[in-house]
Amino acid sequence: MRAAQSLRKRLRSGLAIGGFGALVVLLGGWWLTLGVGVIVHLGLLEFFRMAQFKGIRPATKTTLVACQLLLITTQWAAVQSGWPEALSAAVLPLAGTAICAWLLLQPVTGSIADIAASIFGLFYLGFLPSHWLALRNLSDPALAPGTAALCSSGLAITLSSCLMIVASDIGSWAFGKRYGRTPLSPISPSKTVEGALGGFGCAMAVGLICARVMGWPLWGLPGVGVGAVVALIALVGDLTESMMKRDAGLKDSGDVLPGHGGILDRIDSYLLTPAVLFALLTLAQPLINVG
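With positions in the sequence shown counted from 1, the corresponding number in my numbering is that position plus 591.
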């Protein structure tokens with residue numbers, strides 16, 4: 592009975608999160624920036640809470656502000672060239688300098704761990720998630736010719752990316768529950784090799800379908816490779832967050848989401864993925880020649 596209630600609670604929370612994510616992705620623009628900004632803010636608070644459990648004193652407020660500036664300038668640069676692009680490129684190094692300066696000015700001078708946690712927070716929950724905005728703002732029709740009449744290439748690619756991550760998560764859970772026997776990593780004892788392979792297979796299948804719909808060449812076969820990359824990066828993101836929780840001695844990063852734990856527990860697969868996908872598209876576009 593308790594297990595069924597927990598599953599229903601988890602399902603309701605998952606649907607609410609998924610609905611919110613789908614809405615802001617569909618709206619795009621500043622709505623997506625606002626949505627990502629809220630998630631990043633809550634995720635950073637959880638990350639810094641974990642760091643503080645280890646006795647680390649990160650530059651919390653400075654990093655929180657810097658991450659929001661990074662998201663805002665990324666979106667601004669996407670819709671207006673010129674000075675906004677230069678400002679967006681300058682935020683990361685300036686923010687890193689500001690973080691170091693803040694730690695220097697504290698009554699107790701910051702340590703290597705304080706600097707590292709602050710800079711990593713800026714990278715992990717600022718720079719990496721900002722690539723969701725970069726993906727969503729892609730506008731070249733040649734990137735998704737099959738859906739050009741319905742939506743922008745950025746929307747098609749962003750939705751496809753999210754679907755592949757969801758497929759990887761669901762596939763890992765379902766196959767792990769049914770066939771899981773071999774432990775994958777001591778960092779996360781509940782994960783199995785069989786579950787991971789199931790996640791890879793589901794993400795690759797969804798990648799193939801999405802690539803076919805978007806009109807990619809070779810009958811959509813490049814989508815299989817993209818699906819495998821997404822599954823791999825999502826798994827790395829999941830295990831990375833588990834590693835940090837384990838080091839901090841916490842079961843969940845927080846308790847904001849009923850049945851899911853914290854924000855980081857829910858978005859860990861989504862943090863590393865957009866930057867890798869954006870780089871992959873940039874590098875592979877001349878090779879797949881979708882135009």
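Positions of the beta carbon are idealized from the N, C-alpha and C atoms, including for glycine.
C-alpha gap between Gly745 and Gly806, whole angstroms: Indexing the sequence shown from 1 puts residue 745 at position 154. Indexing the sequence shown from 1 puts residue 806 at position 215. Separation of Gly745 and Gly806 (C-alpha to C-alpha, rounded to the nearest whole angstrom) is 14 Å.
Segment limits, alpha helix (DSSP H) that includes Thr783: Position 192 of the sequence shown, counting from 1, holds the residue named residue 783. Here Thr783 belongs to no alpha helix (DSSP H); instead the beta strand (DSSP E) covers 779 to 783.
Distance, Pro698 Cα to Phe766 Cα: One-based indexing of the sequence shown puts residue 766 at position 175. One-based indexing of the sequence shown puts residue 698 at position 107. Separation of Phe766 and Pro698 (C-alpha to C-alpha, rounded to the nearest whole angstrom) is 52 Å.
If you draw a straight line from the C-alpha of Ala839 to the C-alpha of Val820, how long is it? As a first step, residue 839 must be located in the sequence shown, where it is residue number 248. As a first step, residue 820 must be located in the sequence shown, where it is residue number 229. Near 29 Å, if we compare the C-alpha coordinates of Val820 and Ala839.
Whole angstroms are fine: how far does the CA of Gly790 sit from the CA of Phe718? In the sequence shown, residue 718 corresponds to position 127, counting from 1. In the sequence shown, residue 790 corresponds to position 199, counting from 1. Between Phe718 and Gly790, the C-alpha separation is close to 26 Å.
Quick one, are the C-beta atoms of Gly771 and Ala794 less than 8 Å apart? Locating residue 771 in the sequence shown gives position 180, where the first residue counts as 1. Locating residue 794 in the sequence shown gives position 203, where the first residue counts as 1. Against a cut-off of 8 Å, the Cβ pair of Ala794 and Gly771 comes out as no contact.
By the DSSP assignment, the beta strand (DSSP E) with Leu775 in it spans what residues? Position 184 of the sequence shown holds residue 775. Where Leu775 is concerned, the enclosing beta strand (DSSP E) stretches over 774 to 776.
Under a three-way DSSP split, which group does Ala796 fall into? The sequence position of residue 796 within the sequence shown is 205, counting from 1. In this structure, Ala796 counts as helix in the three-state DSSP scheme.
Just the C-alpha distance for Lys842 and Ala668, rounded to the nearest angstrom, thanks. Walking along the sequence shown from the start, residue 842 turns up at place 251. Walking along the sequence shown from the start, residue 668 turns up at place 77. Whole-angstrom Cα-Cα distance: 39 Å.
Cβ shell of Thr624 (< 7 Å), same chain only, five flanking positions each side left out: Mapped onto the sequence shown, residue 624 falls at position 33. By the criterion of a C-beta distance shorter than 7 Å, Thr624 is surrounded in its chain by Leu662, Ile663, Gln666, Leu724, once the five residues flanking it on both sides are discounted.
Please determine, among Phe644, Leu812, Thr653, the residue with the shortest C-alpha to C-alpha distance to Ala690. Here residue 690 is taken as the residue at index 99 of the sequence shown, counted from 1. One point to set straight first is that residue 690 is Ile, not Ala, in the sequence displayed. Of Phe644, Leu812, Thr653, the residue nearest in Cα terms is Thr653.
Between the alpha carbons of Ser752 and Tyr715, how many angstroms are there, rounded? If you number the sequence shown from 1, residue 752 lands on position 161. If you number the sequence shown from 1, residue 715 lands on position 124. If I take the Cα positions, the gap works out to 19 Å.
Alpha carbons only, please: which of Met641, Ala708, Leu636 is nearest the one belonging to Ser833? For the purposes of this step, residue 833 is taken as residue 242 along the sequence shown, with counting starting at 1. It is Met641 whose Cα lies nearest to the Cα of Ser833.
Taking the straight line between their C-alpha atoms, what separation do you get for Leu678 and Ile706? Within the sequence shown, the letter at position 87 stands for residue 678. Within the sequence shown, the letter at position 115 stands for residue 706. Approximately 23 Å, taken between the alpha carbons.
Would you mind stating whether Gly786 and Ser763 have Cβ atoms separated by less than 8 Å? Here residue 786 corresponds to residue number 195 of the sequence shown, with the count starting at 1. Here residue 763 corresponds to residue number 172 of the sequence shown, with the count starting at 1. Their beta carbons are under 8 Å apart, which means Gly786 touches Ser763 by this criterion.
Could you tell me how far apart the beta carbons of Ala866 and His722 are, in whole angstroms, since I believe they sit closer than 8 Å? As a working mapping, residue 866 is identified with position 275 in the sequence shown. As a working mapping, residue 722 is identified with position 131 in the sequence shown. Contact flag correct, Cβ pair sits at about 4 Å.
With DSSP collapsed to three states, give me the class of Cys658. Position 67 of the sequence shown, counted from the first residue, corresponds to residue 658. Taken through DSSP and simplified to helix, strand or coil, Cys658 comes out as helix.
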